[in-house]
Structures are given as C-alpha cells and as structure tokens.
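Numbered by mature numbering (1 follows the signal peptide of the UniProt record, and there is no 0), the letters in the sequence shown go through residues -17 to -1, 1 to 334 in order. Where is the CB? At the ideal position from N, CA and C, for every residue including glycine. Since this is a predicted model, take the numbers as computed values, not measurements. Please read the structure below before turning to the comments.
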Amino acid sequence: MKRLFALLLLLASTTHAEEVLRVYGWKDYIDPQVLEDFRAQTGITVDYQAFTTSDELLAALAAGTDHDLVMPSHFMLEQLIAEGRLAPLDTGRLRHHASLDPWLLSTLTGIPAANRHTVPYLWGSIGLVVNPQQAQAHYSGALPNSWRLLFDPEQAAQLSNCGLGLLDAAEETSSLLLNYRGRRLSASSDRQIVRQLRSLEAVAPLLRTLDNWAFVDELVAGRLCLAMAWSGHAVRAMEGNAQLRYQIPDEGAAIYIDTLAIPTHAAHPELAYRLIDFLIDPPVAVRNARATRFYAPLPSASPIMQAFAAEHPAQVLTAEQRRRSYLLESLTPSQKQILDDAWARVRAARH
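As structure tokens, then:
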C-alpha cells in the first residue's frame, strides 16, 4: 500500500511538473520576470518561443504547430480569422478585460471579428529614429521631418554615408511608403503595388541595414544616422545613445496593435486563458511596457498610465501625434502574395 501511495504521489507531481504553456511571441516582447511570477502563482511553466517577422507566425499557424498562445499583429487578424486559425475568446473568463483601453478595442472593431478572437497586448507606432547632428552634417539644407529622407532615392543618397536603416517588414514599410505618397496600400491594385515598390529597389543599395533587430545596436553605436523603427526599438536605441530622437514624420506614421490569441489547435487553452488574464492585469501590463519599451493596452487617462507617462514620456503618443497616425492596413491574401514578391526584389536589390 505504501508503495502504491508513493507511486500515486510521483505521478501527481510529474503531472503538475508537465503543466507547460507554449507561447509564440515577438522577440523580447515580455518581461522574463513576469513569466517567473506567473509560474510562481500558478505552477504553470511558460515555454516562450520567439519570432521576428509576421511571416514566421503565419507559417507556424498554417503548419498547425502546437502553440497554446500567439501574438499576431492586428493586420494579420483578418486573414487568420477567415482561415479559422484562431479560436473565439470568451472574454467573460478574463477578469481584467474591463481594464483595457476602450480606444484600442474600438480601433480593432474595424477588423471583422477581431475583438471576438483577440485582446490587445502591446501596441506602438512606426516612425523615424534620427541622429540630428550626424544627419544634418551630410544633408544639404535644413533637415526635414519627412519620410522622403528614406523613401526618395536622391534624398537618401545624401545620408547613405552616415548610415540608413529600413525595416525588413513588407507590410509596414510598403504601407508607410504609399501613405507618404498619398495612397493606401490596401486600396492599391497589384500593378500599383509593384510599381510603387520599384522605387525602393533604388533605395536598397544605399541601406546599411535591412532587418528588424540588429539596426538597434547600429543606431546605438552611431553607425546609422536615420532609420525606420518600431517605437519600442526606438526607445531602446535612445537609451543607449542620447543623441537619437524618435519622430513622427509630418506625413504621418503607422500604428500597430499586437494581440493575444489562442490558436484553434491549442492543446492547453485553459492555461492560455490564465496567462492572458495575467498579462492584461494593469500592474503587469505596465511592467511589460516598461520592460519592452512599447505602449501598454490601458486607458491613457487612468492613474496608472498617467504615472507611467510621467516616468516614460517617449512611450506615450501625444494627442497631436495620434492625429497624424493611422492604423496599419490589412491585406487580402492576393495582395500579400504580390507584396511579398515585390519585397523579395527589394531585398535582392540591396546586394
């Protein structure tokens, strides 16, 4: 009997030890201590695996990998929901759902069924990081606050010697390029997308970096004087190089919302609900914002966000900056394929 009791105890402890939640999220997009605290409170170990491009997540979900929680950006949601890749969420099971920013939830209503399948996690903007002293030394005339410094080949050529960086993100970069030219990527025909991106093939050889992460170290080291950047990465670079400035160009910037979602094939949806609710608890959400340098999904007028904004002004968009920004568009699968093909030619032109 004693041996049987010991065996049952061993089985119970083994079962508990194997309670693992597999998360697929953006690189460095969560405070590791937050995950440790979640494990301490719940006994659930989080296996956090990272991706650096939206295509990696799309491919993983299409392949049916066994992740329990994922972090799709808002512009991926229409496709993922239409394909049945994400399970509907019962927000009634999330005690802290009422703490989320109504503005973010309202913004997501523009995407069919987005609020029925996801909750906002972190969000941000895409603008320009500039080293004004370096850039001005290579530029003829007053340095404008404009995307033309990066998107106009003649303008970019002036700054190529002090280092230019572009995100290796087809949707984001192309959307900003067309917005700068008074167009909308989602409203463009296949032929228009190809034609518009052709100009980037002339810019590509002028770039020092075309990536989504290494450019941060290049900015800190002073090897880039101007780069497109996600706001959180911009703040990281500014912390390492006091000469850098993050700017929302006069033509506007794109806003993106990264979300939390449970894949339809998740093996442990119950555990995923527990982590989602933990992550949107306001004190935890602020901890993640502080650690990642992105924006927390909480109302800007709430006391916790007012205090956070006072400490971290670079991590909060002003009302005027919001007016000059727009939500990054969603694309149809056909547009996405055309865009990917055109983007491959931009990559190839750099070499």
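query = Based on the DSSP secondary-structure assignment, which residues constitute the bridge partners of Y239?
reply = G107
task = May I ask you to check if the CB of V29 is nearer than 8 Å to at least one heavy atom of the ligand NAD?
result = Here there are no bound small molecules, and the ligand NAD is not part of this structure.
ask   = Would you report the Cα separation of A268 and I259, rounded to the nearest angstrom?
value = 11 Å
query = What is the rounded straight-line gap between the Cα of G67 and the Cα of A96?
reply = 11 Å
ask   = Can you tell me whether R306 is buried or exposed, with buried defined as 16 or more other CB within 10 angstroms of its CB?
value = exposed
request  = Please determine if the segment 136 to 144 and the segment 283 to 293 are in contact, where contact requires at least 3 C-beta pairs separated by less than 8 Å.
outcome  = no
query = In chain order, what residues of the same chain lie with their CB nearer than 6 Å to the CB of Y31, ignoring the 5 residues before and after it?
reply = Cβ neighbours of Y31 beyond the five flanking positions: V6.
inquiry  = Residues in the same chain with beta-carbon distance under 6 Å from F34, minus the five sequence neighbours each way, listed in chain order, please.
reply    = L40
message = For the beta strand (DSSP E) containing F34, name the first residue and the last one.
response = 28 to 34
ask   = On the premise that L88 lies in contact with A255, defined as a C-beta separation below 8 Å, what is that separation, rounded to the nearest angstrom?
value = So it is not a contact: roughly 20 Å between Cβ atoms.
message = Are the CB atoms of P280 and G110 within a distance shorter than 9 Å?
response = Result no, Cβ atoms of G110 and P280 do not sit closer than 9 Å.
query = In chain order, what residues of the same chain lie with their CB nearer than 7 Å to the CB of G223, ignoring the 5 residues before and after it?
reply = Here G223 has V203 as same chain residues with Cβ atoms under 7 Å from its own Cβ, once five neighbours each way along the sequence are excluded.
Span separating the alpha-carbon of E303 from that of P71 = 35 Å
ask   = If you count every other CB in all the chains shown that lies within 10 Å of the CB of E2, and 16 or more means buried, which is it?
value = exposed
task = Report, in whole angstroms, the separation of the C-beta atoms of R164 and Q179, which I expect to be a contact under 8 Å.
result = 7 Å
inquiry  = Taking 7 Å as the limit between beta carbons, can you name the residues of its chain near A244, skipping five residues before and five after?
reply    = V53, P55, L69, H100, T101
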